[in-house]
Amino acid sequence: MIKTNRVTLRDIAERTGYTVNTVSRALHHRDDISKKTVDYICGIADEMGYINDNIASSMRTGRTGTVAVILADITNPLFAIMVRETEQLASEYDYSVFILNTNEDKETELQAIKNALGKKVDGFIICPCPDCRDNLEFLKKTGKPYVLIGRRVGDHPSVILDDEKSGYLAAKYLAEHYGRRRILFINGLLSISCAKDRLAGYRRALEEAGIPYDGRLVRSVTTKAGAISRQLESLDAANIGYDGIFAFSDLLAYETMNSLSGTGKDVPIVGIDHIRKNLFYMPPLDSVGAAGKSMSEEAVRMLMNAIKTGSLCGDQICLDVKLYPSGK
DNA sequence: TATGCACGTTGTCCTGTCAA
DNA sequence: TTGACAGGACAACGTGCATA
60 MIKTNRVTLR DIAERTGYTV NTVSRALHHR DDISKKTVDY ICGIADEMGY
110 INDNIASSMR TGRTGTVAVI LADITNPLFA IMVRETEQLA SEYDYSVFIL
160 NTNEDKETEL QAIKNALGKK VDGFIICPCP DCRDNLEFLK KTGKPYVLIG
210 RRVGDHPSVI LDDEKSGYLA AKYLAEHYGR RRILFINGLL SISCAKDRLA
260 GYRRALEEAG IPYDGRLVRS VTTKAGAISR QLESLDAANI GYDGIFAFSD
310 LLAYETMNSL SGTGKDVPIV GIDHIRKNLF YMPPLDSVGA AGKSMSEEAV
360 RMLMNAIKTG SLCGDQICLD VKLYPSGK
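Residue 60 is where the first sequence starts when you use this note's numbering, and the numbers rise one by one after that.
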C-alpha cells in the first residue's frame with residue numbers, strides 16, 4: 060500500500076493522545092464527547108489539514124452521501140435547471156450529486172444506472188427515457204431508493220407536473236386569450252407519459268372551446284436539430300394552416316420561434332416548463348409551469364426521506380400547474 | 001489458487017470516573 | 001449505590017496486494 064502524506068484520524072490521535080475512535084466522534088461533534096475535547100481535537104485537525112476520507116466512511120457506513128441524477132438530455136435548459144436545483148437542495152442534506160446523461164437511449168440509461176451503482180450512490184433521481192421499463196425493474200430489484208422526475212412509468216415512484224392540465228391550460232390560452240382556432244401541437248414522443256397526457260389536455264381544451272380536433276395538427280418530434288423545421292415545412296407543403304402553436308416544452312417553443320423567424324408568420328406560441336423563471340434572459344414566452352414547488356424540490360425531499368428511513372420511495376406526486384403569461 | 005492482511009472510518013458495546 | 005458522562009476496544013465494511 061502506498062503511503063501518502065494525507066492526514067488520517069490515526070495521525071490526529073497520536074498528536075492529541077486520544078484514540079482514533081474518540082477523534083472520529085469529536086470531529087463529528089457527537090454529544091458523547093465533551094465540548095472542550097471536541098474543540099481541542101477539531102482545532103488540531105484543522106491545523107494538520109485533515110480532510111475526511113469519504114471512501115473509508117462509505118466502506119463502513121454503506122453510504123456515500125451521493126445521489127445519481129440521470130437525465131435524458133442535459134443540453135435541455137430544463138434539465139440544466141433541474142440539476143442546479145437538485146444539487147443545491149441535496150447539499151442542504153449534506154449530499155452531492157452525480158450527473159449522468161442518457162440521450163433518451165435505453166442502453167445508455169442502463170449503463171448509467173450500473174455506473175452509478177458501482178459508485179455506491181445512495182439513491183437515484185431519474186428522468187426515464189422512452190421504453191425504460193426493464194431498466195426501472197432492474198433498478199427496483201437493487202433495493203436502492205429512486206424517484207422518477209418529469210415522467211410517469213407504471214407504478215414507479217415519481218414526481219411530475221399535472222401534464223393533462225398543462226396541455227389544457229396552454230391550448231385554452233391560445234383559444235381564449237388569442238382567439239385561435241387552428242392550434243398546432245408540436246408534441247414529444249407519445250411513448251412518454253407527459254406527451255400522452257398533454258395531448259389529452261389539449262383535446263379537452265379544444266372540445267371546451269368548440270374547436271374540432273384535427274389530427275394533422277398534432278406532430279410528434281424529437282429534439283434532434285431540424286425536426287421542427289421539417290414539420291413546419293411539411294404542413295406548408297400540404298397546405299395545412301395553423302394560427303397558434305402549443306409546444307411540448309419551452310425548448311421546442313424556442314426552436315419553433317427560431318424556425319418561424321424570417322418567414323413573416325406572427326403566430327402566438329405557448330410552451331411548458333416556464334424556464335424563464337430561472338433563465339430570465341430568454342425571450343418572452345407564454346408558458347405553463349409548476350404553480351408552487353418545483354419537481355426537483357419534491358423529488359429531493361422524497362428521496363432524502365427514503366434514504367433517511369432506509370425505505371423506498373413509494374409515492375406518485377402530481378404537481379399543480381399554472382399559466383405564466385409572457386408579459387409582452 | 002486460497003488466504004490473510006492492510007487501508008481509514010465508524011457503530012456498538014464496554015469501562016472508568018465522578019458527583020449526587 | 002446509582003446514574004450520567006467521557007472515552008476506549010472491537011469489529012466490520014470493500015478491495016488490492018502479498019504470502020503461503
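We treat Cβ as the ideally placed atom computed from N, Cα and C, and that holds for glycine.
N-terminal and C-terminal residue of the beta strand (DSSP E) that residue i is part of
| i | result |
| --- | --- |
| residue 414 | Residue 414 falls outside the range modelled here, since the chain spans only 60 to 387, and no answer is possible. |
| residue 299 | Residue 299 -> no beta strand (DSSP E), and no H or E assigned at all. |
| residue 337 | Unbroken run through residue 337: none, as it is neither H nor E. |
| residue 160 | 155-160 |
| residue 368 | No beta strand (DSSP E) contains residue 368, which is instead part of the alpha helix (DSSP H) from 354-368. |
| residue 207 | 205-208 |
Pairwise C-alpha distance: residue j and residue i
| i | j | result |
| --- | --- | --- |
| residue 181 | residue 204 | 7 angstroms |
| residue 385 | residue 343 | 5 angstroms |
| residue 312 | residue 365 | 36 angstroms |
| residue 106 | residue 334 | 45 angstroms |
| residue 381 | residue 229 | 9 angstroms |
| residue 232 | residue 329 | 8 angstroms |
| residue 286 | residue 300 | 18 angstroms |
| residue 188 | residue 172 | 12 angstroms |
| residue 61 | residue 123 | The pLDDT assigned to residue 61 is 37, lower than 50, so where the model puts this residue is not dependable, and the model offers no usable value. |
| residue 361 | residue 376 | 10 angstroms |
| residue 355 | residue 149 | 10 angstroms |
| residue 190 | residue 129 | 15 angstroms |
| residue 84 | residue 91 | 8 angstroms |
| residue 247 | residue 154 | 33 angstroms |
| residue 194 | residue 165 | 8 angstroms |
| residue 163 | residue 69 | 47 angstroms |
| residue 218 | residue 321 | 39 angstroms |
| residue 240 | residue 263 | 14 angstroms |
| residue 98 | residue 206 | 40 angstroms |
| residue 266 | residue 249 | 21 angstroms |
| residue 200 | residue 359 | 21 angstroms |
| residue 374 | residue 220 | 14 angstroms |
Secondary structure of residue i, DSSP reduced to three states
| i | result |
| --- | --- |
| residue 120 | helix |
| residue 226 | helix |
| residue 384 | coil |
| residue 172 | helix |
| residue 281 | coil |
| residue 249 | coil |
| residue 371 | coil |
| residue 306 | strand |
| residue 330 | strand |
| residue 66 | coil |
| residue 127 | strand |
| residue 110 | coil |
| residue 376 | strand |
| residue 219 | strand |
Expected contact under 8 angstroms - CB spacing of residue i and residue j to nearest Å
| i | j | result |
| --- | --- | --- |
| residue 315 | residue 245 | 6 angstroms |
| residue 270 | residue 234 | 6 angstroms |
| residue 346 | residue 332 | 6 angstroms |
| residue 139 | residue 157 | Rounded, the Cβ-Cβ distance is 16 angstroms, inconsistent with contact. |
| residue 257 | residue 222 | 5 angstroms |
| residue 303 | residue 242 | 5 angstroms |
| residue 75 | residue 114 | Contact flag wrong, Cβ pair sits at about 24 angstroms. |
| residue 309 | residue 159 | Contact doesn't hold; Cβ gap of about 23 angstroms is too wide. |
| residue 351 | residue 378 | 7 angstroms |
| residue 283 | residue 260 | Wrong, their Cβ atoms sit about 25 angstroms apart, outside the cutoff. |
| residue 277 | residue 290 | Wrong, their Cβ atoms sit about 10 angstroms apart, outside the cutoff. |
Buried/exposed call for residue i, threshold 16 Cβ in 10 Å
| i | result |
| --- | --- |
| residue 125 | buried |
| residue 238 | exposed |
| residue 93 | exposed |
| residue 143 | exposed |
| residue 183 | buried |
| residue 135 | buried |
| residue 363 | buried |
| residue 168 | buried |
| residue 118 | exposed |
| residue 215 | buried |
| residue 71 | buried |
| residue 357 | buried |
| residue 127 | buried |
| residue 349 | buried |
Where the alpha helix (DSSP H) through residue i begins and ends
| i | result |
| --- | --- |
| residue 310 | 309-319 |
| residue 212 | No alpha helix (DSSP H) holds residue 212; DSSP gives it neither H nor E. |
| residue 101 | 94-107 |
| residue 184 | Note, residue 184: premise wrong, no alpha helix (DSSP H); beta strand (DSSP E) at 182-185. |
| residue 78 | Per DSSP, residue 78 belongs to no alpha helix (DSSP H) and is neither H nor E. |
| residue 137 | 136-150 |
| residue 196 | 192-201 |
Closer than 7 angstroms: residue i CB and nearest the ligand PLP heavy atom
| i | result |
| --- | --- |
| residue 212 | The ligand PLP is absent from the structure shown, which contains no ligands of any kind. |
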